[in-house]
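Below is one structure, written out as structure tokens, with a few remarks after it.
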Amino acid sequence: MSAANWRRAMNLQNPRPAATNSPAPAREARVRRFAFENPVRARHVIVLAFLLAYPWFATPFFTYQIAAQALALGLIALSLTFLGGYGGMISLAQMTVAGIAGYMVAIFGTAATDGVTLGWPWWLAVLLGLVIATLAATFIGWLSVRTEGIYTIMITLAIGVAFYYLVLQNYTVFNGFQGEQKVFPPVLGGVYWRDATPFYYLALFWALAGYLFVVYLVRTPFGIALQGIRDNPRRMHALGFNVTAHRVAAYAVAGVIAAVGGVLFTWYNGLVTPGSVGTHWLINILIIAVLGGMRHPVGPFLGAIVFVLLQNFAIDVIDRERFNLVIGLVFLVIVLFSRDGLLGWWTALSARLSTQRGATTWKAARGRLYAR
Amino acid sequence: MTRAWKVFWTLVIAVPVVVLTAWGLQDNARLFVVTFLNGLTLASLYFIVASGFTLVFGLMRNVNLAHGSLYLLGGYLGFFTAQFSGSWLLALAAGFAAAALVGLAMQVSIFRFMPGQDLRQTMVTIGLSIVIADILMWAIGAQVHQMSPPPWLDGPIRNLPVIRAYSTYRFSLLPLGIVIGVALWLFLNRTRVGMMIRAGVDDRAMLAAAGVNVNLVFATTFAIGAGLAGLGGVIGAVELSMVPGEDTRLLLASLIVVIVGGMGSVVGAAIGAAIFGLAETYGLAYAPTYSVVFTFVILVLVLAFRPRGILGRPA
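Chains V and X, in that order, are what the protein sequence lines are. So the number in the numbering used here is just where the residue sits in the first sequence, counting from 1, plus 307. So the number in the numbering used here is just where the residue sits in the second sequence, counting from 1, plus 154.
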């Protein structure tokens with residue numbers, strides 16, 4: 308679809324009821340141009356510099372256990388944010404896709420399981436893992452796009468749990484309860500990529516790549532059409548867009564992101580077991596995405612940081628066994644009191660601050676647009 | 155669908171079923187019949203739990219993903235009531251009442267404030283289910299709680315043809331499921347409150363305008379739906395066992411049952427439960443490794459041809 312077509316599509320409707328108090332049309336044109344121009348701001352540079360310098364002042368524990376884990380988990384949750392925030396489809400099977408990638412890397416590559424792994428070179432295993440996981444994600448998408456809203460959640464949950472039972476009960480390929488142990492990244496260029504700092508940079512590279520990819524993709528005609536479908540599938544269908552194809556494609560794209568995250572997370576853990584694709588983790592990914600906020604690709608990474616910090620330090624606050632209670636309560640508070648996770652609070656806060664400083668209304672409007 | 159297609163699909167489904175049944179009976183009739191009964195009694199439990207789920211969804215479009223937690227809660231309370239009083243019927247009542255009260259509290263304090271916000275309700279109930287599951291584990295522990303059946307249902311029924319003997323308790327689940335199903339159907343289709351509920355499904359605002367206290371109707375339905383989960387919990391505490399993780403299992407079973415059968419339909423839930431229960435039990439008996447995959451294949455097939463379930467209708 309051409310740019311003119313989607314612009315017409317976007318102008319035809321008023322997607323959100325909140326937009327009724329939007330500024331005058333002339334202003335709106337200004338706002339829209341502004342949002343698309345010059346996306347790099349001071350805060351982006353500061354955050355990037357901080358991320359790059361981080362391992363030089365953080366302890367290996369903070370580099371590996373906290374930051375690298377948060378980046379890998381954030382990448383998996385990013386795939387859900389893309390699907391949910393921009394496609395309007397909440398899939399609980401994203402961890403399943405990630406798990407499939409992890410399992411494939413272990414099965415085609417090397418793991419400490421006799422007779423199961425094929426021992427092919429790591430790059431081939433990773434490539435196959437990504438391809439197979441993406442195909443699986445496309446298949447899951449093809450199954451679940453026939454349904455909407457709640458049905459999607461339930462069907463993807465059912466698919467995810469079915470995969471969990473499959474790997475739990477199958478010993479010939481997936482090695483049952485034990486799963487695949489000792490799945491490590493390769494030694495490449497004299498660097499062992501599982502050491503804290505190299506792994507951090509590896510995770511950071513792919514997390515940034517995923518982030519920028521999503522930021523770019525949601526502004527392409529495909530991304531805009533997807534958001535149109537999220538807001539009103541019937542109108543988009545009437546405009547000649549193939550709604551089903553766009554949705555399945557969104558699942559495939561999200562599958563690639565989740566697969567990369569899955570390979571990283573498997574390498575991080577050094578293993579992939581049925582436990583890592585169980586209901587618990589399916590829901591954890593949803594928690595991470597919702598905790599951060601689903602309207603911007605930075606959300607899942609924020610959510611992942613909070614999640615990992617809670618996971619590691621809830622022990623100090625109360626009993627280690629009660630982690631689920633803490634994360635469950637935090638999740639409840641966020642979904643009960645914020646419309647869009649931590650990002651929602653951030654947007655509300657910055658909107659309030661900017662009005663207090665006497666900023667013009669269009670600045671607040673830009674905030675709204677940007678947050679979307 | 156034309157007549158010819160209907161005949162074609164009936165044949166596609168019926169021929170393999172008939173062939174497999176004939177093979178199963180010829181190969182080992184006892185195993186086949188016992189598996190059939192086990193499947194139906196498991197289906198009865200699934201139906202009781204899932205009918206509560208589908209009732210709540212059918213009327214209020216509230217997706218209560220904490221339904222499994224209510225099942226677990228009812229089961230534990232039933233277990234302790236039975237231990238304390240020695241009465242199984244009292245345990246059933248306690249399980250029903252506890253789950254109904256918690257469900258009522260959820261409806262009044264949470265769902266009433268977010269009508270129509272499906273996704274938010276889902277998130278909140280997911281959060282609730284995590285919290286409830288962890289509190290239950292904290293209070294009761296992770297060990298297995300197995301309840302014994304009441305004395306008058308204990309032991310086997312003897313002198314049956316083909317299978318010789320079968321557990322009385324398990325067998326009694328079949329009439330229980332049927333009674334609950336028929337009662338629910340009569341309640342929804344033949345009583346005044348049931349009429350209000352069905353009217354509320356179609357047009358909530360009009361029902362309120364007709365002078366019905368819609369909030370009260372909603373609260374009642376939610377309590378009954380949640381109570382059915384608790385009732386199922388007490389039954390399941392004998393038939394299966396109570397242990398953390400069962401909540402997810404029963405939630406998943408309810409989901410599959412209502413997806414296959416069609417949301418908001420009691421008859422659909424019965425059909426879905428029968429298919430799912432039989433598929434799971436036959437899978438476990440004849441191909442233990444891949445029993446779950448069978449269930450999954452059924453789910454996929456139903457969705458591919460009837461995206462809203464066998465008896466589902468557009469929302």
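Ideal placement from N, C-alpha and C gives every residue a C-beta, glycine not left out.
Check	Outcome
Assigned exposure category for residue 478 of chain V - 16 Cβ within 10 Å defines buried	exposed
Segment contact flag, the segment 254-262 of chain X with the segment 373-391 of chain X, C-beta cutoff 8 angstroms, min 3 pairs	yes
is_contact[residue 387 of chain V, chain X] using C-beta, thresh 8 angstroms	no
Buried or exposed by the 16-neighbour rule on C-beta atoms within 10 Å, applied to residue 553 of chain V	buried
Minimum Cβ-Cβ distance from residue 380 of chain V to chain X less than 8 angstroms	no
At least three beta-carbon pairs within less than 8 angstroms, the segment 400-415 of chain V to the segment 562-569 of chain V	yes
For residue 396 of chain X: DSSP bridge partner residues	X:299
Buried versus exposed call for residue 266 of chain V [16 or more other C-beta atoms within 10 Å across all chains shown]	An answer regarding residue 266 of chain V cannot be provided, because it is not within the stretch 308 to 679 covered by chain V.
Sequence-distant residues of its chain with Cβ nearer than 8 angstroms to residue 294 of chain X (five each side left out)	230
Residue 321 of chain X - partner residues in DSSP beta bridges	X:310
Cβ-based burial, residue 218 of chain X [other Cβ within 10 Å; buried from 16]	buried
Under the three-state DSSP convention, the category residue 499 of chain V falls into	strand
Outcome for residue 157 of chain X when other beta-carbon atoms lying within 10 angstroms are tallied against a minimum of 16	exposed
Cβ contact (3+ pairs, closer than 8 angstroms) linking the segment 348-361 of chain X and the segment 174-184 of chain X	no
Among V:392, V:358 and V:363, nearest to residue 377 of chain V - alpha-carbon criterion	V:358
Helix, strand or coil at residue 452 of chain V according to DSSP, with G and I counted as helix	coil
Burial state of residue 283 of chain X, where buried means 16 or more other Cβ atoms lie within 10 Å	buried
Segment contact flag, the segment 193-201 of chain X with the segment 242-254 of chain X, C-beta cutoff 8 angstroms, min 3 pairs	no
Positions along the segment 637-659 of chain V whose CB lies within less than 8 angstroms of some CB in chain X	638, 639, 642 and 643
Bridge partners - residue 494 of chain V, DSSP secondary structure assignment	V:499
Proximity of residue 648 of chain V and residue 597 of chain V at Cβ, strictly below 8 angstroms	yes
Closer than 7 angstroms at the beta carbon, the chain X residues around residue 453 of chain V	457 and 461
Proximity test, Cβ basis, 8 angstroms: residue 376 of chain X and chain V	no
Rounded C-alpha distance that separates residue 405 of chain X from residue 510 of chain V	35 angstroms
Residues of its chain near residue 628 of chain V, where Cβ-Cβ distance is below 6 angstroms and the 5 sequence neighbours each way are ignored	none
Close Cβ partners of residue 415 of chain V (< 6 angstroms) along its chain, the five nearest in sequence each way excluded	425, 427, 432 and 435
Residue 447 of chain X - DSSP class collapsed to helix/strand/coil	helix
Cβ distance (whole Å) where residue 204 of chain X is taken to contact residue 423 of chain X below 8 angstroms	5 angstroms
The segment 465-479 of chain V in contact with the segment 435-454 of chain X per 3-pair CB rule at 8 angstroms	yes
Chain X within 8 angstroms of residue 602 of chain V, Cβ atoms only	no
Helix, strand or coil at residue 579 of chain V according to DSSP, with G and I counted as helix	strand
Residue 340 of chain V versus residue 404 of chain V - alpha carbon distance	Annotation note: pLDDT 49 at residue 340 of chain V (below 50); position unreliable, no value reported.
Residues from the segment 242-271 of chain X in contact with chain V, defined by Cβ distance under 7 angstroms	none
Counted within 10 angstroms of its Cβ, other Cβ atoms place residue 445 of chain X as buried (16 or more) or exposed	buried
Status (buried if at least 16 other CB within 10 Å, exposed otherwise) for residue 441 of chain X	exposed
Classification of residue 513 of chain V by the beta-carbon crowding that lies within 10 angstroms, buried from 16 upward	buried
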